[in-house]
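Numbering (this note's numbering), first residue to last: 445 to 575. C-beta: ideal position from N, C-alpha, C; glycine also. It should be emphasised that the depicted structure is a prediction, and the values quoted were computed from it without experimental measurement. Reading through the structure tokens given below for one structure.
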């Protein structure tokens, strides 16, 4: 089983796009489980539309969401330890998730990932891959 942590608040449209996309993945890959982080009042109604997705997901409320126009330094200062993006990255560090996905602010995600996860001793800069 693969566990993926999700920043549900990421992207221009947030949970309205992220949650249906997760349902597509859950349908195609029944071996994947999701750990979803976001604002409860926005994510829960979207998740309720997809009961099968809710069965293979855990949800955790986060009050803070990193905005697309936040500078990486702002996101680290204000979103660390409490934003949906930070919690999704932190789940990988804690071992409760195997990977993290966010459609949010790329600079903030890289900064939080590098700060939280660190890089391997021989690696100076992390890489970005587009799929």
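Nonlocal neighbours in the same chain, by C-beta distance under 6 Å from residue i, ignoring five residues either side
i: residue 530; result: 523, 524 and 556
i: residue 544; result: 449, 532, 533 and 536
i: residue 504; result: 481
i: residue 502; result: 479
Within-8 Å CB hit, residue i to chain E
i: residue 539; result: The structure shown contains no chain E; it holds only a single protein chain.
When the options are compared against residue i, the one with the closest alpha-carbon
i: residue 473; options: 504, 497 and 491; result: 497
i: residue 446; options: 475, 539 and 563; result: 475
i: residue 549; options: 519, 487 and 495; result: 519
i: residue 538; options: 561, 546 and 521; result: 561
i: residue 485; options: 460, 564 and 517; result: 460
i: residue 559; options: 528, 542, 516 and 566; result: 516
Beta-carbon contacts of residue i that lie in its chain and below 8 Å, excluding the five residues immediately before and after
i: residue 507; result: 483 and 526
i: residue 572; result: 550 and 554
Any non-hydrogen atom of the ligand COA closer than 7 Å to residue i Cβ
i: residue 527; result: With respect to the ligand COA, the structure offers nothing, as it holds no ligand at all.
Which residues DSSP lists as bridging residue i, in chain order
i: residue 502; result: 479
Cβ neighbours of residue i in the same chain (closer than 7 Å, five flanking residues each side left out)
i: residue 514; result: 549 and 552
Point to revise | Validate contact between the region 446-460 and the region 478-492 using beta carbons, cut 8 Å, 3 pairs | key: Verdict: yes, contact present.
Check your understanding: At which residue ranges does the region 459-493 contain complete alpha helix (DSSP H) runs of 4 or more residues, listed in the order of the chain?
Key -> Assignment of alpha helix (DSSP H) within the region 459-493, counting only whole runs of 4 or more residues, yields 459-472 and 484-492 in chain order.
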